[in-house]
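Visitor: A single structure is presented below for examination.
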């Protein structure tokens, strides 16, 4: 009994801590202080995680590319993010003379604010959600949509051809893949029957034979998760969808003309967007804060949430080190001719799954439909395409 | 109506005014986005979460982006020399005033026709979903048909462009 209460205390440690701090204040202030503390926690934890991730990414990419990575600052180069932070704080803030000052200043601010807002509805552990909204999922996507505008503002206000091209690419890409992001989440909403992230996690937090009921372990869920992952990579402008800032083509895309702390804000915004979109993917498909095996339920729920998010970040880094960048037409064809139709089909399969009732039949039928369509679409795409060693043409 | 109402109203009106008066098209588009955000805040202030978030998702995430895209693609971002203000502004003013009068009249009349509710109804997203696919399924289908037609139309327009280029 003592052990189990210690375990549940560890599980709820942040809630207990918050309640302990708030009990020093008058009763009327307590809710406001509680929210303030949670916001401060989010605003501190995720940038800290961002600092860790930058070193993790540079080390990981170094491994993949058979080099060492940063190793000068501190033991194993672990203090590199601190050095980077000091550098970006002390650098001169340059605004081009022809730039549009106000819009140029507002763009990074709006980006970071909108990205931070998304964390408000993510359940990061049992009872650990800042705002338990009935329409939480919609809120998350509404905030995600607002970041597109800030990317456009940054690119347009810089008055630089590379910035503008980068912004146009970014906006076109984000609009195309946002549809997929929304539709693949709709599949989960159809099964869970709610837009509340808490309820979606609760629906997956069940076990049979000790194995979890995560949505990724169903045929429609796996298909939706793969589509979600593709769309999430494109939404966060990560390789292989990093055309908006493809450094070999566009210098740095929409943030070419940003320096110093404003550039750091863009950098932060990109990583925070990765965290929040991984967090949402975890919530929707990977069971949120629930343990992967029933026997492991004693481990605090927040460890599972952050563990799953960091696993997703690792996959992001792995993909960046592995895949080459897509071309603009490949990007658009992929979005509109493969990902979107397949997601729509997955919605139909999900509806079928919902109404076929329990039993093995729905597993077979939905797997056959999804796998068959996947193979057929691949074959149709390959039809009459001849693959041979690449030939090069040079200007005469 | 608390102080929040007036703050949001000031923001929305300022955005709308700026959208009308600013000379640069992109600035006007960004100002109209601020007005959209103000409208979303109004919905949230009235505890209509679904409508508020849908407003942000659709108007800021899609409509505003579409506007700036159209501006950029049509080279409208450059300032015309003869100025951007219409010489027939008073006609537009009269039409706007007329529409405003009709809308105001309709709203005031409807407030008298409907029984006044003392308690704000608690509407969950679930209720909205049930209403959309239940009672309002016909309007939903009509809108879906309209949007499909619009999409096909857009594809056809794009196809013609391609053939002329050949």
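Residue numbers (this note's numbering), protein chains in the order written: chain B, 1 to 396; chain V, 397 to 562. Here a beta-carbon is modelled for each residue, glycine too, at the ideal position from N, C-alpha and C.
Under 9 Å between C-beta atoms, does residue 191 (chain B) make it to chain V?
Guide: As a working mapping, residue 191 (chain B) is identified with position 191 in the first chain. Closer than 9 Å: no.
Visitor: Use the C-beta contact count for residue 100 (chain B): other C-beta atoms within 10 angstroms, 16 or more gives buried, fewer gives exposed.
Guide: To locate residue 100 (chain B), count along the first chain from 1; it is residue 100. The residue in question, residue 100 (chain B), is buried, as its Cβ has 16 or more Cβ neighbours within 10 Å.
Visitor: Just the Cα atoms here: how many angstroms apart are residue 115 (chain B) and residue 143 (chain B)?
Guide: Counting from 1 along the first chain, the entry for residue 115 (chain B) is found at position 115. Counting from 1 along the first chain, the entry for residue 143 (chain B) is found at position 143. Taking the straight line from one Cα to the other gives about 7 Å.
Visitor: Let's test the definition: count the other Cβ atoms within 10 Å of the Cβ of residue 380 (chain B) and tell me whether it reaches 16, buried, or not, exposed.
Guide: For the purposes of this step, residue 380 (chain B) is identified with residue 380 of the first chain, where counting begins at 1. Counting Cβ neighbours within 10 Å, residue 380 (chain B) comes out exposed, since fewer than 16 surround it.
Visitor: Beta-carbon separation of residue 151 (chain B) and residue 244 (chain B) under 9 Å?
Guide: Here residue 151 (chain B) refers to the residue found at position 151 when the first chain is read from its first residue. Here residue 244 (chain B) refers to the residue found at position 244 when the first chain is read from its first residue. Contact flag set, yes.
Visitor: Please list, in chain order, all residues of the same chain as residue 434 (chain V) whose beta carbon is under 7 Å from its beta carbon, the five residues on each side excluded.
Guide: As a first step, residue 434 (chain V) is located in the second chain; it is residue number 38 there, counting from the start. If we look at residue 434 (chain V) and ignore the five residues flanking it on each side, its Cβ neighbours are 404, 407, 408 and 411.
Visitor: Which residues in chain V have a C-beta closer than 8 Å to the C-beta of residue 198 (chain B)? List them in chain order.
Guide: On the first chain, residue 198 (chain B) is found 198 positions in, with the first residue counted as 1. Per Cβ cutoff of 8 Å: no residues; residue 198 (chain B) is ~13 Å from chain V at best.
Visitor: Which of helix, strand or coil does DSSP assign to residue 455 (chain V)?
Guide: In the second chain, the residue the question calls residue 455 (chain V) occupies position 59. If DSSP states are grouped into helix, strand and coil, residue 455 (chain V) belongs with the helices.
Visitor: Are residue 123 (chain B) and residue 31 (chain B) close, meaning C-beta to C-beta below 9 Å?
Guide: Taking the first chain and counting its residues from 1, the one referred to as residue 123 (chain B) is at position 123. Taking the first chain and counting its residues from 1, the one referred to as residue 31 (chain B) is at position 31. Cβ distance not < 9 Å, so residue 123 (chain B) and residue 31 (chain B) don't count as in contact.
Visitor: Consider the Cβ of residue 468 (chain V): report whether some Cβ of chain B lies at a distance smaller than 9 Å.
Guide: The residue labelled residue 468 (chain V) in the question sits at position 72 within the second chain. True, the Cβ-Cβ gap to chain B drops below 9 Å.
Visitor: Quick one: Cα of residue 508 (chain V) to Cα of residue 224 (chain B), how far?
Guide: Sequence index remark: in the second chain, residue 508 (chain V) carries index 112 (1-based). Sequence index remark: in the first chain, residue 224 (chain B) carries index 224 (1-based). Going from the Cα of residue 508 (chain V) to the Cα of residue 224 (chain B) covers about 49 Å.
Visitor: List the residues of chain B whose Cβ lies closer than 9 Å to the Cβ of residue 550 (chain V), in chain order.
Guide: For this step, residue 550 (chain V) is matched to residue 154 along the second chain. The contacting residues do not exist; residue 550 (chain V) stays about 12 Å from chain B at best.
Visitor: Count the other CB atoms within 10 Å of the CB of residue 258 (chain B); is the residue buried (16 or more) or exposed (fewer)?
Guide: For this step, residue 258 (chain B) is matched to residue 258 along the first chain. Answer is buried; the Cβ neighbour count reaches 16.
Visitor: Candidates B:111, B:293 and B:328: which alpha carbon is nearest residue 208 (chain B)'s?
Guide: Here residue 208 (chain B) refers to the residue found at position 208 of the first chain. With distances taken between Cα atoms, residue 208 (chain B) lies closest to B:293.
Visitor: Bridge partners of residue 207 (chain B), per DSSP?
Guide: For the purposes of this step, residue 207 (chain B) is taken as residue 207 along the first chain, with counting starting at 1. DSSP output for residue 207 (chain B) lists B:212 as bridge partner(s).
Visitor: Run through DSSP, which three-state label would residue 294 (chain B) get?
Guide: In the first chain, the residue the question calls residue 294 (chain B) occupies position 294. If DSSP states are grouped into helix, strand and coil, residue 294 (chain B) belongs with the helices.
Visitor: Could you compute how far the alpha carbon of residue 15 (chain B) sits from the alpha carbon of residue 358 (chain B)?
Guide: Taking the first chain and counting its residues from 1, one reaches residue 15 (chain B) at position 15. Taking the first chain and counting its residues from 1, one reaches residue 358 (chain B) at position 358. When rounded, the distance between both Cα atoms is 38 Å.
Visitor: Report buried or exposed for residue 110 (chain B), applying the criterion of at least 16 other Cβ atoms within 10 angstroms of its Cβ.
Guide: Counting from one through the first chain, the residue named residue 110 (chain B) turns up at place 110. So residue 110 (chain B) ends up on the buried side.
Visitor: Cβ closer than 8 Å: which chain B residues qualify as neighbours of residue 439 (chain V)?
Guide: For this step, residue 439 (chain V) is matched to residue 43 along the second chain. None at all; the shortest Cβ gap to chain B is about 11 Å.
Visitor: Any idea what DSSP makes of residue 351 (chain B), helix, strand or coil?
Guide: In the first chain, residue 351 (chain B) corresponds to position 351, counting from 1. Helix at residue 351 (chain B).
Visitor: Given a threshold of 16 other Cβ atoms within 10 Å of its Cβ, counted over all protein chains shown, does residue 397 (chain B) qualify as buried or as exposed?
Guide: The displayed coordinates of chain B run from 1 to 396. Any statement about residue 397 (chain B) would go beyond what the structure contains.
Visitor: List the residues of chain V that residue 135 (chain B) touches, going by C-beta distances under 7 Å, in chain order.
Guide: Translated into the one-based positions of the first chain, residue 135 (chain B) becomes position 135. Here the neighbours are 445, 446, 449 and 521.
Visitor: Within its chain, find whatever has a CB closer than 8 Å to the CB of residue 295 (chain B); leave out the 5 residues flanking it on each side and keep chain order.
Guide: In the first chain, residue 295 (chain B) corresponds to position 295, counting from 1. Hits under 8 Å: 210.
Visitor: Closer than 8 Å, Cβ to any Cβ of chain V: which residues of the region 106 to 140 of chain B, in chain order?
Guide: Residues 133, 134, 135, 138 and 139.
Visitor: Below 7 Å on C-beta distance, what does residue 149 (chain B) contact in chain V?
Guide: If you number the first chain from 1, residue 149 (chain B) lands on position 149. In chain order: 429, 456, 460 and 461.
Visitor: Which residues in chain V sit within 9 Å of residue 175 (chain B), going by Cβ to Cβ distance?
Guide: Translated into positions along the first chain, residue 175 (chain B) becomes position 175. The contacting residues are 457, 458, 461, 462 and 465.
Visitor: Taking the runs of the alpha helix (DSSP H) that are 4 residues or longer, which of them lie wholly in the region 39 to 101 of chain B?
Guide: Here the runs fully enclosed are 80 to 90.
Visitor: Give the C-beta separation of residue 147 (chain B) and residue 229 (chain B) to the nearest angstrom, bearing in mind that I take them to be a contact with Cβ-Cβ under 8 Å.
Guide: Translated into positions along the first chain, residue 147 (chain B) becomes position 147. Translated into positions along the first chain, residue 229 (chain B) becomes position 229. 19 Å between Cβ atoms; not a contact.
Visitor: Can a CB atom of chain V be found closer than 9 Å to the CB of residue 332 (chain B)?
Guide: On the first chain, position 332 is the one that residue 332 (chain B) refers to. Output row for residue 332 (chain B): interface = no.
Visitor: First and last residue of the alpha helix (DSSP H) that includes residue 244 (chain B)?
Guide: One-based indexing of the first chain puts residue 244 (chain B) at position 244. Careful: residue 244 (chain B) lies outside any alpha helix (DSSP H) and carries neither H nor E.
Visitor: For the structure I just gave you, are there three or more beta carbon pairs, one from the region 179 to 190 of chain B and one from the region 129 to 141 of chain B, closer than 8 Å?
Guide: Enough Cβ pairs lie closer than 8 Å, so yes.
Visitor: Give me the Cβ distance between residue 281 (chain B) and residue 232 (chain B), rounded to the nearest whole Å; I'm assuming they're in contact under 8 Å.
Guide: Start at 1 with the first residue of the first chain, and residue 281 (chain B) comes out as number 281. Start at 1 with the first residue of the first chain, and residue 232 (chain B) comes out as number 232. Contact flag correct, Cβ pair sits at about 6 Å.
Visitor: Just to confirm the assignment, what range does the alpha helix (DSSP H) spanning residue 20 (chain B) have?
Guide: As a first step, residue 20 (chain B) must be located in the first chain, where it is residue number 20. Element bounds for residue 20 (chain B): 13 to 22.
Visitor: Quick check on DSSP: helix, strand or coil for residue 2 (chain B)?
Guide: Here residue 2 (chain B) is taken as the residue at index 2 of the first chain, counted from 1. Annotation note: pLDDT 48 at residue 2 (chain B) (below 50); position unreliable, no value reported.
Visitor: Can you tell me whether residue 270 (chain B) is buried or exposed, with buried defined as 16 or more other CB within 10 angstroms of its CB?
Guide: For the purposes of this step, residue 270 (chain B) is taken as the residue at position 270 of the first chain. Buried, because 16 or more other Cβ atoms sit within 10 Å of the Cβ of residue 270 (chain B).
Visitor: Distance cutoff 9 Å, beta carbons only. Does residue 103 (chain B) sit that close to anything in chain V?
Guide: Taking the first residue of the first chain as position 1, residue 103 (chain B) is located at position 103. So yes, residue 103 (chain B) belongs to the interface.
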